[in-house]
Every structure is written in C-alpha cells, then in structure tokens.
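A.B. asks: The sequence shown begins at 1 in UniProt numbering and counts up by one. First the structure, which I've put down as structure tokens, then a few questions once you've had a look.
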Amino acid sequence: MSTSNLTLDSRIRLKDGREIPHIGFGVYEMSGEEAYRSVTIALEARYRLIDSAAWYGNEAECAKAIIDFCTSTNTPRSSIWFTTKLQSNRGYSATKRAIETSFEKCRGLEYIDLYLIHSPLGGPQMRKESWKAVLEAKEEGKLRSVGVSNYGVAHLDEMMADGVEMPVINQVDLHPFMTRDPIVERCRELGIVLEAWGPVVRGLRFKHPTIVELAKRHSKSPAQILLRYSLQRGYIPLPKSVTKERIIENKNLYDFELSDKEMETLHSLDEYLVTDWDVTNAD
Numbered sequence: 001m002s003t004s005n006l007t008l009d010s011r012i013r014l015k016d017g018r019e020i021p022h023i024g025f026g027v028y029e030m031s032g033e034e035a036y037r038s039v040t041i042a043l044e045a046r047y048r049l050i051d052s053a054a055w056y057g058n059e060a061e062c063a064k065a066i067i068d069f070c071t072s073t074n075t076p077r078s079s080i081w082f083t084t085k086l087q088s089n090r091g092y093s094a095t096k097r098a099i100e101t102s103f104e105k106c107r108g109l110e111y112i113d114l115y116l117i118h119s120p121l122g123g124p125q126m127r128k129e130s131w132k133a134v135l136e137a138k139e140e141g142k143l144r145s146v147g148v149s150n151y152g153v154a155h156l157d158e159m160m161a162d163g164v165e166m167p168v169i170n171q172v173d174l175h176p177f178m179t180r181d182p183i184v185e186r187c188r189e190l191g192i193v194l195e196a197w198g199p200v201v202r203g204l205r206f207k208h209p210t211i212v213e214l215a216k217r218h219s220k221s222p223a224q225i226l227l228r229y230s231l232q233r234g235y236i237p238l239p240k241s242v243t244k245e246r247i248i249e250n251k252n253l254y255d256f257e258l259s260d261k262e263m264e265t266l267h268s269l270d271e272y273l274v275t276d277w278d279v280t281n282a283d
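Next up, the structure:
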C-alpha cells in the first residue's frame with residue numbers, strides 16, 4: 001500500500017462523513033498528572049487525536065490539557081479529536097449514566113468526538129442495550145462519532161443481524177505479531193476503520209531480528225518501523241509515552257516508506273502475541 005503522500009495532518013474519512021486524524025496519542029496507564037503533561041506535549045508536537053477511557057481514570061485531565069492548549073494557542077477545538085470509552089457493558093441505564101459521567105468530566109470540551117464501547121464483555125443483551133444508549137447520546141449531540149473496541153467478527157456480525165447503525169471504528173490490538181486478519185477483513189468489508197491500540201507491541205519485539213534490520217536499513221527506531229507498518233496498513237496507530245523525546249519520535253514517520261516486500265515480511269511475523277488482553281472471542 002503506497003502512503004507516500006501521508007503527512008502528520010492527513011485524515012481518514014469515516015463512514016459517518018467525519019474526518020479523523022490518522023495517528024493518535026494514547027494515555028493508558030497514565031496518572032492524571034502524567035496524562036495532562038503528556039497530552040500537552042503531544043498537542044504541542046501536533047498530534048490531534050487523544051485516546052482516553054473511563055477505565056484509565058484520566059479523562060478529566062486529558063480534557064483540561066486540550067482546553068488549556070486550545071486557549072493558549074488559539075487552536076480551534078474542532079481540530080482536535082478526543083476519544084473516551086465505556087468501561088463495561090451493564091445495560092441501557094448504566095450506559096446512559098456512564099456516558100453522562102464522562103461528559104461531565106469533559107464538559108469544557110462541549111462534546112466527545114469519539115465514544116467507544118471498550119469491550120464486548122457482558123454478553124449479547126448487554127452489548128445491544130449499551131449500543132442503544134450510545135446511539136441515543138450521539139443523537140443528543142453529546143457524542144459525535146461512535147464505535148467499539150476489542151470486537152471480534154462474531155460481535156460485528158451480531159450488530160449487523162440486529163439491524164442497528166454500525167460503528168465507524170473498531171479499536172483492536174494490532175501489530176505485525178498480532179495481525180488479526182479475519183477481524184481486519186470483516187471491518188474493511190463493513191467500512192469500519194481500525195485503530196491499533198498496541199502498535200509498538202509494548203516494546204516486546206524491539207530486538208526481533210526483522211525489526212532491528214529494518215530499523216537499521218531506514219535509519220529509524222524499532223517503534224517508528226512498527227508505527228509506519230500500521231500507517232501503511234491503513235490503521236490509526238495510538239502510540240503512548242510519557243517521555244517527550246519518544247512522543248516526538250513516534251510522530252516522525254513521514255520521511256520514509258516501507259516497500260511492499262518489507263510490508264509482507266512484517267505481516268508474516270504474526271504469532272498471535274497478546275500484549276495486554278484479548279477479548280475478541282468473548283461470548
């Protein structure tokens with residue numbers, strides 16, 4: 001896949017018509033203070049997609065960092081995407097309350113750009129009820145775009161069978177060592193854009209011979225090779241770091257391109273490596 005025309009400002013059009021930045025910044029496992037500082041650095045480095053979650057416990061700090069950045073730099077709020085997620089599927093009423101809680105924590109943002117159901121756990125009925133509540137909040141204007149996370153093929157097909165509005169995003173653990181071809185194929189068939197929440201494999205394969213060789217060949221870091229793979233696969237990678245140098249390094253991906261052969265080699269490394277959790281096969 002040729003992506004030589006990509007820049008940090010490039011965006012991907014979702015099937016709801018909105019355009020999302022093609023790279024984002026994740027804040028998983030960051031304290032509130034770390035999230036505020038890191039998001040501020042990321043925004044200054046021109047990241048325009050911030051990915052949080054109720055589960056992370058740092059929604060408010062992320063929102064404040066965005067608001068403060070927009071105020072101090074005269075940056076339009078509309079140019080920055082803020083994502084958060086439903087912590088668990090516990091039914092319609094619980095989901096409505098959870099959305100309201102997240103909205104209140106982020107009220108200064110005026111709306112949530114992307115809201116995801118964090119996982120399929122809870123069973124078919126709870127998933128159905130949660131999604132109904134999410135769609136209603138979207139109609140009310142609290143949420144702009146809506147999607148899911150860690151959904152497998154069966155969960156997406158379940159939604160299709162229900163005849164509901166489909167998600168525009170599925171955020172999954174995706175990298176060369178976890179290619180998830182069936183999920184990727186189904187999402188592409190349904191026009192669902194994929195976000196990669198583990199794009200650099202949490203550093204677990206930085207010393208893999210293939211990664212080392214490609215990094216040397218392109219004079220890039222292992223993380224940059226893995227992130228470039230994600231971009232060229234058409235995913236939205238969500239790297240995370242609390243280190244300024246790495247935050248900046250992770251977005252410097254536009255002065256090189258992996259060849260088709262290099263992409264094929266990377267894709268062949270699949271070993272179903274779970275970097276955190278895997279609930280894509282949950283009932």
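Ideal Cβ placement from N, Cα and C applies to all residues, glycine included.
Per DSSP, Arg13 is paired with what?
C.D. replies: Its beta-bridge partners are Glu19.
A.B. asks: For Met178, which residues does DSSP report across the bridge?
C.D. replies: His175
A.B. asks: If you draw a straight line from the alpha carbon of Glu189 to that of Ser72, how long is it in whole angstroms?
C.D. replies: 42 angstroms
A.B. asks: Applying the criterion that 16 or more other CB atoms from any shown protein chain within 10 Å of the CB defines a buried residue, is Ser149 buried or exposed?
C.D. replies: Around the C-beta of Ser149, 16 or more other C-beta atoms lie within 10 Å, and the residue is accordingly described as buried.
A.B. asks: Is Trp131 helix, strand or coil when you go by DSSP?
C.D. replies: helix
A.B. asks: Check each candidate in Leu156, Leu226, Pro209 and name the one with the smallest Cα separation from Pro199.
C.D. replies: Leu226
A.B. asks: Is it the case that the region 169-186 contacts the region 122-132, given that we only count it when at least three CB pairs across the two stretches are under 8 angstroms?
C.D. replies: no
A.B. asks: What are the partner residues of Thr83, as DSSP defines its beta bridges?
C.D. replies: Note: Thr83 sits in a beta bridge opposite Asp51, Leu114.
A.B. asks: Which one of Ile41, Arg186, Arg97 has the shortest CA to CA distance from Ile169?
C.D. replies: Arg186
A.B. asks: Based on Cα-Cα distance, which residue from Glu33, Tyr47, Ser31, Phe82 lies nearest to Ile247?
C.D. replies: The residue with the shortest Cα to Cα distance from Ile247 is Tyr47.
A.B. asks: What three-state label does DSSP hand Gly57 in the structure shown?
C.D. replies: coil
A.B. asks: Tell me which residues share the same chain as Ala54 and place their Cβ nearer than 8 angstroms to its Cβ, disregarding the 5 neighbours each side in the sequence.
C.D. replies: Thr84, Lys85, Leu86, Gln87, Ala98, Thr101, Ser102, His118
A.B. asks: What does Gly26 pair with, by DSSP beta-bridge criteria?
C.D. replies: Asp51
A.B. asks: Determine the direct distance from the alpha carbon of Gly24 to that of Lys251, and round the result to whole angstroms.
C.D. replies: 9 angstroms
A.B. asks: Out of curiosity, what's the CA-to-CA distance linking Thr179 and Glu264?
C.D. replies: 12 angstroms
A.B. asks: Return yes when the Cβ of Leu269 is within less than 8 angstroms of the Cβ of Arg228, no when it is not.
C.D. replies: no
A.B. asks: Would you mind giving the Cβ-Cβ distance between Ile80 and Gly108, rounded to the nearest angstrom? I have them listed as a contact below 8 angstroms.
C.D. replies: In fact, because the Cβ distance is near 12 angstroms, the residues do not count as touching under 8 angstroms.
A.B. asks: Would you give the residue range spanned by the beta strand (DSSP E) that Val164 belongs to?
C.D. replies: It is not in any beta strand (DSSP E) - Val164 carries neither H nor E in the DSSP assignment.
A.B. asks: Count the other CB atoms, across all protein chains shown, that sit within 10 Å of the CB of Tyr272; report buried if there are 16 or more and exposed otherwise.
C.D. replies: exposed
A.B. asks: Do Glu34 and Val242 have their C-beta atoms within less than 8 angstroms of each other?
C.D. replies: yes
A.B. asks: Span of the alpha helix (DSSP H) holding Gly32?
C.D. replies: That run of the alpha helix (DSSP H) goes 32-44.
A.B. asks: For Ser2, which residues from the same chain have a beta carbon less than 6 angstroms from its beta carbon, with the 5 sequence-adjacent residues on both sides left out?
C.D. replies: Residue placement at Ser2 is poorly supported in this model, since its pLDDT is 49, which falls under 50; the coordinates still yield a value, given next. Nothing meets the Cβ criterion.
A.B. asks: Could you check the C-alpha separation between Ser93 and Trp131 for me, to the nearest Å?
C.D. replies: 11 angstroms
A.B. asks: Can you tell me which residues form a DSSP beta bridge with Gly147?
C.D. replies: Under DSSP, the beta-bridge partners assigned to Gly147 are Leu116.
A.B. asks: Sort Thr280, Leu238, Leu204, Leu258 by Cα distance to Phe82 and report the nearest one.
C.D. replies: Leu238
A.B. asks: In chain order, what residues of the same chain have a beta carbon less than 6 angstroms from the beta carbon of Ile41, not counting five sequence neighbours either side?
C.D. replies: Lys244, Ile247
A.B. asks: Can you list the alpha helix (DSSP H) stretches of 4 or more residues lying completely in the region 179-239, in chain order?
C.D. replies: Taking only runs of at least 4 residues, the alpha helix (DSSP H) segments lying wholly in the region 179-239 are 181-190, 209-218, 222-232.
A.B. asks: Leaving out the 5 sequence neighbours to the left and right, which residues in its chain are closer than 7 angstroms to Lys142 when beta-carbon positions are compared?
C.D. replies: Ile99, Phe103, Tyr111, Ile112
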